[in-house]
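S.K.: Structure below; questions to follow.
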Amino acid sequence: MSSYESRKTGPKSAPVNPVLAAALWMLGALACFSTMAVAGREISLDHDTFEIMFYRSCVGILIVAGAITATRRWGEIGTGQIGLHFVRNVAHFTGQNLWFFAVSVIPLAQVFALEFTSPLWVLAMSPIFLGERITRPRAFAAFVGFVGILVVTRPFAVTLTPGVLAALGAAIGFAGSAVFTRRLTRTQTLAAILFFLTTMQAAFGLVMAAMDGDMALPTAVSAPWLVIIGFAGLMAHFCLTSALRLAPATVVMPIDFARLPLIAAIGWLLYSEKLELAVVAGAALILTANWINIRASVREAR
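Residue numbers are given in full-length UniProt numbering: position 193 of the sequence shown equals residue 193, and the series is strictly consecutive.
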């Protein structure tokens with residue numbers, strides 16, 4: 001090749017390391033999840049959880065509809081699995097409402113610690129709804145995670161508050177959503193899942209928010225936070241999915257665990273929340289249980 005051709009074509013760019021790319025996607029997910037928690041806390045006095053879910057879903061509809069139109073995927077939207085979509089979205093809607101309530105009344109680090117039990121609830125539900133077998137390592141992971149729940153909640157030492165129960169309920173709701181999503185992915189595309197996610201939950205939110213006849217409209221103060229919640233919620237899951245496509249769960253999920261110390265720092269800086277030793281110890285057990293479960297999944301896949 002001549003020197004002219006070399007200068008014309010230029011040096012070839014080095015391929016991006018997939019692990020590094022996955023880590024960058026996960027940093028985006030961490031930022032989005034944390035932003036959504038702060039936004040939910042900030043507007044908790046202006047809107048109830050049903051209103052937040054309705055307005056969040058409306059933002060989501062605009063984003064999803066725009067993406068489907070741009071990629072010409074409206075043909076993928078069908079009603080063949082409408083019943084399963086409904087059940088999946090009831091579980092997610094319930095979990096997300098409880099999550100928004102929890103972030104408004106208990107320390108953010110405690111919410112996230114209990115939210116991390118969701119994969120363990122998936123482990124418990126999988127034999128029932130997916131016909132998956134629980135192996136010994138997975139059973140041990142569930143036991144360690146359960147001990148972690150007891151340490152975080154301290155049910156025998158302190159009174160269980162509605163916020164703690166809501167955070168646990170949110171984890172169970174998210175687990176149910178994950179289980180039914182697994183079943184949906186056997187026949188449904190991501191476009192269909194996201195379309196029914198946003199439209200069904202907008203309908204659920206509107207019905208529940210309007211039941212008391214006192215539905216608050218967005219204000220100049222709350223509207224930006226609602227848009228942030230809608231955008232951050234979708235982007236968080238998009239970033240997480242993108243990361244898992246580039247690198248194995250054993251690489252991606254430990255980065256996701258950084259959500260806990262990150263939100264603890266945010267809670268301390270913004271709301272002067274103290275991080276209790278019980279939350280740290282229990283969270284360590286819960287994260288360890290998740291790691292055991294991930295390792296078991298990788299070994300079984302080989």
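We treat Cβ as the ideally placed atom computed from N, Cα and C, and that holds for glycine.
Quick one: using the 10 Å Cβ neighbour count with 16 as the cut-off for buried, is Tyr271 buried or exposed?
M.R.: By 1-based counting over the sequence shown, the position of residue 271 is 271. Under this definition Tyr271 is an exposed residue.
S.K.: Any idea what DSSP makes of Val16, helix, strand or coil?
M.R.: For the purposes of this step, residue 16 is taken as the residue at position 16 of the sequence shown. Here Val16 sits in coil by DSSP.
S.K.: Is Ala249 near Val19, with beta carbons less than 8 Å apart?
M.R.: In the sequence shown, counting from the first residue as 1, residue 249 sits at position 249. In the sequence shown, counting from the first residue as 1, residue 19 sits at position 19. It is not a contact, given that the beta carbons lie outside the stated cut-off.
S.K.: Suppose contacts are defined by Cβ-Cβ distances below 8 Å. Is Val59 in contact with Val227 by that definition?
M.R.: To locate residue 59, count along the sequence shown from 1; it is residue 59. To locate residue 227, count along the sequence shown from 1; it is residue 227. Yes, the pair counts as a contact, with Cβ atoms nearer than the cut-off.
S.K.: What's the gap between the Cα of Met105 and the Cα of Val16?
M.R.: Counted from its first residue, the sequence shown places residue 105 at position 105. Counted from its first residue, the sequence shown places residue 16 at position 16. Correcting the residue type first, residue 105 is Val in the shown sequence and not Met. Using only the alpha carbons, I get a separation of about 42 Å.
S.K.: Find out if the Cβ-Cβ distance for the pair Ala21, Val111 is shorter than 8 Å.
M.R.: Here residue 21 corresponds to residue number 21 of the sequence shown, with the count starting at 1. Here residue 111 corresponds to residue number 111 of the sequence shown, with the count starting at 1. Cβ atoms of Ala21 and Val111: not closer than 8 Å.
S.K.: Tell me the DSSP secondary structure of Ile43 in three-state form.
M.R.: By 1-based counting over the sequence shown, the position of residue 43 is 43. The answer is coil: DSSP assigns Ile43 none of H, G, I, E or B.
S.K.: Can you have a look at Ala139 and say buried or exposed, based on whether 16 or more other CB atoms are within 10 angstroms of its CB?
M.R.: Your numbering for residue 139 matches position 139 in the sequence shown. Burial call: exposed.
S.K.: Buried or exposed, going by whether 16 or more other CB atoms sit within 10 Å of the CB of Ala157?
M.R.: Looking up residue 157 in the sequence shown gives position 157. With fewer than 16 other Cβ atoms within 10 Å, it is exposed.
S.K.: CA-CA distance, Pro155 and Leu277?
M.R.: On the sequence shown, residue 155 is found 155 positions in, with the first residue counted as 1. On the sequence shown, residue 277 is found 277 positions in, with the first residue counted as 1. Cα to Cα, Pro155 sits roughly 15 Å from Leu277.
S.K.: Return the chain-ordered list of same chain residues with a C-beta closer than 7 Å to the C-beta of Arg182, the five sequence neighbours on each side being excluded.
M.R.: As a first step, residue 182 is located in the sequence shown; it is residue number 182 there, counting from the start. Leu130, listed in sequence order.
S.K.: So, at 8 Å on beta carbons, what are the nonlocal neighbours of Ile149 in its own chain, with the 5 sequence-adjacent residues on each side left out?
M.R.: For the purposes of this step, residue 149 is taken as the residue at position 149 of the sequence shown. Leu114, Thr117, Leu168, Gly282, Ile286, listed in sequence order.
S.K.: Helix, strand or coil for Thr185 per DSSP?
M.R.: Your numbering for residue 185 matches position 185 in the sequence shown. Coil at Thr185, not helix or strand.
S.K.: Find the nearest neighbour of Phe204 within the set Thr49, Ser126, Thr159, Phe146, judged by alpha-carbon distance.
M.R.: Position 204 of the sequence shown, counting from 1, holds the residue named residue 204. Of Thr49, Ser126, Thr159, Phe146, the residue nearest in Cα terms is Thr49.
S.K.: To the nearest angstrom, report how far apart Ala23 and Glu42 are at their CA atoms.
M.R.: Here the question's residue 23 lines up with position 23 in the sequence shown. Here the question's residue 42 lines up with position 42 in the sequence shown. The straight-line gap from Cα to Cα measures roughly 29 Å.
S.K.: Alpha carbon to alpha carbon, how far is Val103 from Val207?
M.R.: For the purposes of this step, residue 103 is taken as residue 103 along the sequence shown, with counting starting at 1. For the purposes of this step, residue 207 is taken as residue 207 along the sequence shown, with counting starting at 1. C-alpha separation (whole angstroms): 23 Å.
S.K.: Does the beta-carbon of Arg259 have 16 or more other beta-carbons within 10 angstroms, so that it is buried, or is it exposed?
M.R.: Looking up residue 259 in the sequence shown gives position 259. It counts as buried.
S.K.: Determine whether the beta carbon atoms of Gly95 and Phe174 lie at a separation below 8 Å.
M.R.: As a first step, residue 95 must be located in the sequence shown, where it is residue number 95. As a first step, residue 174 must be located in the sequence shown, where it is residue number 174. Yes, the Cβ-Cβ distance between Gly95 and Phe174 is below 8 Å.
S.K.: Do you know how far the Cα of Leu194 is from the Cα of Ala67?
M.R.: As a first step, residue 67 must be located in the sequence shown, where it is residue number 67. As a first step, residue 194 must be located in the sequence shown, where it is residue number 194. The alpha-carbon atoms of Ala67 and Leu194 are separated by roughly 10 Å.
S.K.: Which runs of the alpha helix (DSSP H) spanning at least 4 residues fall entirely within the UniProt domain "EamA" (162–291), listed in chain order?
M.R.: Runs found: 162–184, 190–210, 222–246, 249–256, 259–271.
S.K.: On the CB-based measure, 16 or more other CB atoms within 10 Å of its CB, does Gly83 come out buried or exposed?
M.R.: Start at 1 with the first residue of the sequence shown, and residue 83 comes out as number 83. Burial call: exposed.
S.K.: Would you kindly work out how many angstroms separate the C-alpha atoms of Ala223 and Tyr55, rounded to a whole number?
M.R.: What you label residue 223 is simply residue 223 of the sequence shown in a count that begins at 1. What you label residue 55 is simply residue 55 of the sequence shown in a count that begins at 1. Looking at the two C-alpha atoms, the distance is approximately 9 Å.
S.K.: Answer with buried or exposed for Pro107, where buried requires no fewer than 16 other C-beta atoms within 10 angstroms of its C-beta.
M.R.: Residue 107 sits at position 107 when you count from the first residue of the sequence shown. Looking at its Cβ environment, which holds 16 or more other Cβ atoms inside 10 Å, Pro107 is buried.
S.K.: Cβ atoms of Ile61 and Ala192: under 8 Å apart, would you say?
M.R.: Locating residue 192 in the sequence shown gives position 192, counting from the first residue. Locating residue 61 in the sequence shown gives position 61, counting from the first residue. Their beta carbons are not under 8 Å apart, which means Ala192 does not touch Ile61 by this criterion.
S.K.: Report the residue from Val164, Ala141, Ala142, Phe143 whose alpha carbon sits nearest the alpha carbon of Val152.
M.R.: In the sequence shown, residue 152 corresponds to position 152, counting from 1. Nearest of Val164, Ala141, Ala142, Phe143 to Val152, Cα basis: Val164.
S.K.: Does DSSP classify Glu132 as helix, strand or coil?
M.R.: Position 132 of the sequence shown holds residue 132. If DSSP states are grouped into helix, strand and coil, Glu132 belongs with coil.
S.K.: When you compare the CB positions of Met53 and Gln201, do they come within less than 8 Å of one another, or not?
M.R.: Indexing the sequence shown from 1 puts residue 53 at position 53. Indexing the sequence shown from 1 puts residue 201 at position 201. Their beta carbons are under 8 Å apart, which means Met53 touches Gln201 by this criterion.
S.K.: What runs of the alpha helix (DSSP H), each 4 residues or longer, lie entirely inside the UniProt domain "EamA" (22–153)?
M.R.: Complete alpha helix (DSSP H) runs here, min 4: 49–71, 82–105, 108–115, 118–129, 136–153.
S.K.: Given this structure, state the Cα-to-Cα distance separating Phe196 from Met253, to the nearest angstrom.
M.R.: Position 196 of the sequence shown, counting from 1, holds the residue named residue 196. Position 253 of the sequence shown, counting from 1, holds the residue named residue 253. Rounded to whole angstroms, Phe196 to Met253 spans 27 Å at the Cα level.
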